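Some notes on the structure that comes next.
Residue numbers (our numbering): 243 to 297.
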């Protein structure tokens, strides 16, 4: 995933229980991650990932 071409705002709108919240949190964690993995995921251990608490 390339974050340099993401919109400045993304709206997640879905029915409760659809999984939109975990998806939004995962995207936020990935955007903030300082050590993104080659497979397009957040590292889960950098300070930014630990602060999101979504590892």
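Quick reminder that beta carbons are idealized off the backbone N, C-alpha and C, glycines included. For clarity, every value in this text was computed on a predicted model and none was experimentally measured.
- [ ] Could you tell me if residue 284 is buried or exposed, where buried requires 16 or more neighbouring beta carbons within 10 angstroms of its beta carbon?
- [x] With 16 or more other Cβ atoms within 10 Å, it is buried.
Task: Buried or exposed by the 16-neighbour rule on C-beta atoms within 10 Å, applied to residue 225 - done: Summary: the structure shown does not reach residue 225, with the chain confined to residues 243 through 297, and so no result is reported for it.
TODO: Might you give, ordered along the chain, the residues of its own chain that have their beta carbon closer than 6 Å to the beta carbon of residue 252, omitting 5 neighbours on each side?
DONE: Nothing listed; no residue qualifies.
Task: Reference residue 287; option with closest CA among 276, 281, 268 - done: Cα-wise, what sits closest to residue 287 is 276.
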